[in-house]
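To keep things clear, I will list the structure first and then write my remarks on it.
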Amino acid sequence: MGEIQIPRVKLGNQGLEVSKLGFGCMGLTGEYNHPVSEDVGISTIKHAFSKGITFFDTSDVYGANANEILVGKVTTTKI
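For the sequence shown, full-length UniProt numbering begins at 1 and goes up steadily by one.
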């Protein structure tokens, strides 16, 4: 069985493209559940990225910018 190719779509009019399938990050920082450890969150985001996900849904509502900080730790390092 071959790798699944996730379609990409243009985001806005700046020429940026993201995966058509997004990853919701709410479960990582515990809005409705206990937050996962930082290591688990980082490895989960890296795994999604390695499978072609480039659209990550975050919100500061999920806990004092915890989502953005977690995604930032992944995207500012070499994946």
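All C-beta atoms in this analysis are idealised placements derived from N, C-alpha and C, irrespective of residue type, glycine included.
Counterpart residues of residue i in DSSP-defined beta bridges
i, result
"Glu17", "Lys10"
Pair within 9 angstroms by beta-carbon distance, residue i and residue j
i, j, result
"Val9", "Glu17", "yes"
"Ile45", "Leu70", "yes"
"Asp57", "Gly24", "yes"
"Ile53", "Ser19", "yes"
"Val74", "Phe55", "no"
"Leu28", "Asn67", "yes"
Supposed contact pair residue j and residue i - C-beta distance, whole angstroms, cut 8 angstroms
i, j, result
"Glu31", "Gly63", "7 angstroms"
Open item on the list: In chain order, what are the residue ranges of uninterrupted alpha helix (DSSP H) at least 4 long that sit wholly in the UniProt domain "NADP-dependent oxidoreductase" (20 to 75)?
Closed with: Annotation note: the UniProt domain "NADP-dependent oxidoreductase" (20 to 75) contains the following uninterrupted alpha helix (DSSP H) runs of length 4 or greater, listed N- to C-terminal: 26 to 29, 38 to 50 and 66 to 75.
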